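Taking it in order: structure first as C-alpha cells, then the write-up.
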Amino acid sequence: MALPKNRFRHWITCQSFLSLMGIWSLAYILIGAMFATLYNLYPEPSISGGTPPRYFLDFLHFSFTTQATVGYGDYYPVSILARFTAALQGIVGTALAGLILGIATFKLIKRGSPVSFPEQLVYDPKEHTFWFRFVHYDADSVRDLRVLVTIFHHSPGWRYDTAMNHVAIDYHYYALFSSAHLVALRTISNKGEHTHEVSSQDTEIVLSPLSCNSSMTIRISLAGYFNTTGDTFFAHKDYSMAEVVCGRYDDVDNFYISKLSLKMKARYIEYRFNKILRSSDKDCLQCPFLPKCPLDPAPTVREQRA
C-alpha cells in the first residue's frame, strides 16, 4: 500500500506563517554556516580577495553573500574545490529563496477557515437542547453557510469502523454570514422526554443526555464560500462527552457588535466567546435526566453524586 501523498503540502498548510518563517530562517543560517565551515577547512588558498580572509567571520561573509547571490567581489573562490562549492551554494541559495517565496504566496493566497469554535459544548437543561456556538472572524463575508451536526458511535463491536447519525437542529442555513458575527444554534428540543436509545438505524435523531456515552463524539461541520473571491471552505469541531457541560452561553447582541470598531469587536467577542453560564443546582435537580445523566452537572450536584 502506497503512503499518503502531498504530506509536505499538508504540513505547510497546517503550520502558521510565522513558524514557517522561523524554520526557514534557521535552515538558511545553518546552511550558510555549514558552507562557511567548509571554506575554512579547505586547503589554503581557497578564498582570496583584496585582503586574504583571516577570521571565520570573513568566511561567513563570503558564504552568505554567495548564498544570497549578491557577489560583492571583495572575496572570491580561488581553488577548484572552492569554486564548485560556491556554485553549489549559489544553487542552494536560489532554491531557498524560491521556496520561501512560494510558501509566502501559498499562505497568502490559500485561505483558511473563517470560523472558530469554543472549547466546550453546552447542554441547557431548561430547554433540553444542545447549543453550538461559532464565530466568523474573517474580514470577508461568507455565503451559503451550511451547518451539519453529526454523532459518531465508536461501537465496541466494530474495532475500526463507526456508525454515524445526523442530529436535528433548529436552523442550519445562512445566505449571508457577515464578519465578526457570533452564532449559537441549538438542536431540536426533546422537551424533557427520551423515547429510545440512539441506534445506527436512526438517520436523524433528537439528541438528549441519555443518548450520550463515553464512546460518542459530537461533530459540528460548516461549509460555504467567501463572498468576494468565491473560495470554498470547510471547518468542523469534535466534542467528546468530557467537553460537554450543562448551562447556556452568555447572550451576545450581534447588532451591538456591528457598531463597534474592529479592536472593540475583538475584545467583546474574546470575552464572551467561551463564557458559559453554568446551570444552578435547582436547574440540575429539576432535569428529568439527572439520575442517569453522564454530563457534567452543577457544582453542588456534582459533589453529591461523587
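In the working numbering, the protein residues as written are 11 to 316. In this text, a Cβ means the ideal position worked out from N, Cα and C, and glycines have one as well. Note that the coordinates shown come from a computational prediction; the quantities given were computed from them, not determined experimentally.
Counting other Cβ atoms within 10 Å of its Cβ, D261 stays below 16 and is therefore classed as exposed.
Per DSSP, the continuous beta strand (DSSP E) segment holding Y235 begins and ends at 226-236. Distance check between L232 and each of G81, T238, R153 places R153 closest, using alpha-carbon atoms only.
Rounded to the nearest whole angstrom, the C-alpha separation of R277 and F45 is 49 Å.
With a cutoff of 8 Å on beta-carbon distance, D84 and G103 are scored as not near each other. Looking from the CA of S56, the closest CA among R93, K275, S35 belongs to R93.
Counting along the chain, F140 sits inside the beta strand (DSSP E) bounded by residues 139-146.
With contacts defined as CB atoms closer than 8 Å, F299 and S218 qualify as a contacting pair.
L195 and N264 do not touch by the CB rule: their CB atoms are close to 13 Å apart, not below 8 Å.
With a threshold of 16 other beta carbon atoms within 10 Å, G42 meets it and is buried.
Check the Cα spacing between W34 and each of P14, A96, A114, C303: the tightest is with A114.
Straight-line measurement puts the Cα of Y147 at about 10 Å from the Cα of I279. Where Y249 is concerned, there is no enclosing alpha helix (DSSP H), although the beta strand (DSSP E) around it starts and stops at 242-250. Within the DSSP bridge table, the entry for V80 names no partner. In this structure, Y133 sits away from C294, with a CB-CB distance that is not shorter than 8 Å. The stretch 245-255 makes no contact with the stretch 265-274: fewer than 3 CB pairs, one atom from each, lie closer than 8 Å. One thing to note: H163 has its Cβ no nearer than 8 Å to the Cβ of S250. Under the three-state reduction of DSSP, R288 is assigned to strand.
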